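Residue 71 in full-length UniProt numbering is what sits at position 71 of the sequence shown, and the numbering runs on without skipping anything. Even for Gly, the Cβ is constructed at its ideal location relative to N, Cα and C. As the structure is a computational prediction, the values presented were derived from the model and not from experiment. What follows is a single structure, written as C-alpha cells, with notes after it.
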Amino acid sequence: MLPYATLGEAEAALGRSLTTAEALWFRYSAQIPDYLLYYHNILFLFIIFSLAPLPIALIELGLPAAVSPYKLQPKVRHPPGSFWRCYKDVMRVFIFVVGPLQLVSYPTIKFVGIRTGLPLPSLWEVAAQLAVYFLVEDYGNYWIHRLMHCKWGYEKIHHVHHEFTAPIAFAAPYAHWAEVLVLGIPSFAGPAIAPGHMITFWLWIAIRQLEAIETHSGFDFPFTPTRFIPFYGGAEYHDYHHYVGGQSQSNFASVFTYCDYIYGTDKGYRYHKAHLTKLKEQSSDQNGEINGFKYNQKSE
Ligand SMILES: [Zn+2]
Ligand SMILES: [Zn+2]
C-alpha cells in the first residue's frame with residue numbers, strides 16, 4: 001500500500017511528475033496491502049501453468065506436418081490422458097504446497113526489502129536484477145539437481161520429474177513436492193541478494209516459469225527468441241537430460257549451459273551431438289531421426 005492518498009501527494013513526495021507507468025501503478029496498488037500484492041504471484045502461477053503450455057499441448061496432440069520436424073523425440077506420442085494427469089498432479093502440488101508456502105513467506109519478502117512503492121525501477125535496473133536472479137538460480141539449481149541424481153535423491157524424490165522421458169510443456173513443474181520446495185530456494189536467493197521492486201519479482205517468477213515451460217516443450221522451434229541469449233540451454237538441451245533418464249549425468253543446469261561445461265557434465269550430450277552429426281553426414285536423408293532423436297537441428 002502506497003503512503004500517498006493522491007497522485008498529487010505522490011508527485012510532491014517524488015519532486016516530479018509521475019511517468020505513465022508510475023501513475024498506472026499508483027492507481028492499481030495505492031489501496032492494496034503489500035501482502036496482497038505479493039500474493040498475486042499465486043494467481044500468476046496458476047494462470048501461467050494453465051494457459052502457457054496449452055498451445056504447445058494442442059500442437060503436440062494434433063502434430064501438424066508443418067511442426068513435426070521440430071519435435072525432439074518424434075517417436076513418442078503422449079495420449080491426451082497423460083496431459084490431464086500431469087496438469088492435475090501439478091495443480092495439486094500448487095494448491096497444497098506452493099500456494100501455502102507463498103502465504104506464509106510474506107514476512108521474508110519484507111525482511112529482504114522487496115519494495116512496492118514509487119518510484120518504479122528503471123528498465124535497466126529491472127534487466128540487471130533479472131540477469132542476477134537467472135544466474136544465481138541457475139547455479140543453485142544446477143547443484144541441487146546434480147545432488148538429486150544420487151541414488152537416494154533419485155529414488156526418493158527426483159524420479160517423479162523423470163517420469164516424462166520425452167517432456168511436455170505441462171511437465172515443467174511436474175515433480176515430487178519436496179523437489180518443488182527445495183528448488184524454491186535458488187529461485188528466491190536472487191531476489192534476496194539483490195532485492196528490487198515487487199513488479200520485478202513478479203516478472204522474475206513469470207519469466208522463469210515460462211522459460212521452464214519452453215525448456216520442457218518437447219519442440220525445438222527455430223523461431224524462439226531465446227536462441228539469441230548467450231549460453232542458453234533451451235528445449236533440446238534439457239530434453240536430452242530427460243531422454244537419458246535416471247542414469248543421466250549430463251545437462252543438469254536449468255537455464256544456461258556454462259555450469260555443465262565448467263563442471264564437465266555436458267560430455268554425454270556433446271558426444272551424443274557429435275555422434276548424431278556424424279550419422280547425419282553419412283545419411284542421404286537430412287531430416288531423419290536416430291534412436292528416436294531428431295538430427296535435423298542446429299549443429300554445434
Ligand atoms: Zn534430472
Ligand atoms: Zn526437466
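The C-alpha of Tyr271 lies about 47 Å from the C-alpha of Arg115. Exclusion of the five residues before and after Pro191 leaves Val112, Ile114, Tyr133, Phe201, Trp204 as the residues of its chain whose Cβ lies within less than 7 Å of its Cβ. Around Leu14, the same chain offers Leu118, Pro119 as residues with beta carbons nearer than 7 Å, after the five sequence neighbours per side are excluded. By alpha-carbon distance to Val126, the top candidate from Pro195, Glu179, Leu18 is Pro195. In this chain, the alpha helix (DSSP H) harbouring Ala128 covers 123-148.
Taking a C-beta distance under 7 Å as the contact criterion, Ala52 and Phe83 do not qualify as a contact pair.
Take the alpha-carbon of Gln102 and the one of Tyr87: they are about 20 Å apart. By DSSP's assignment, Arg115 forms a beta bridge with His197. Rounded to the nearest angstrom, the Cβ distance from Ala169 to Ser217 is 5 Å, consistent with a contact under 8 Å.
In this structure, Ala172 is the residue among Trp152, Ala172, Lys151 with its C-alpha nearest to the C-alpha of His161.
Straight through space, the alpha carbons of Ile32 and Phe26 are spaced by roughly 10 Å. Tyr232 sits in a strand when the DSSP states are folded into three classes. For Gln282 and Ser187, the gap between their C-alpha atoms comes out near 44 Å. If you keep only unbroken alpha helix (DSSP H) runs of at least 4 residues inside the segment 231-264, you get 234-244, 258-262.
Going by DSSP, Ile59 is part of the alpha helix (DSSP H) stretching over 53-62. The Cβ-Cβ distance between Val90 and Trp177 does not fall below 7 Å. Between Phe252 and His145, the gap from beta carbon to beta carbon is short of 7 Å.
For the pair His78 and Leu210, the Cα-to-Cα distance works out to about 21 Å. If you draw a 10 Å sphere on the C-beta of Ser68, you find fewer than 16 other C-beta atoms in it, and that means exposed. Bounds of any alpha helix (DSSP H) do not take in Pro173, whose DSSP letter is neither H nor E.
Ala206 and Ile48 have their C-alpha atoms spaced approximately 7 Å apart. Contact between His241 and Ser250 holds, since their C-beta atoms are separated by about 7 Å, short of 8 Å. For Gly81, the closest of Phe96, Leu61, Gln73 by C-alpha to C-alpha distance is Leu61. At the C-beta level, Val136 and Ala189 come within 7 Å of one another. For Gln282, the enclosing alpha helix (DSSP H) starts and ends at 267-282. Straight-line spacing of the CA atoms in Tyr35 and Leu24 works out to 19 Å. Look at Phe219 here: in three-state DSSP terms it is strand.
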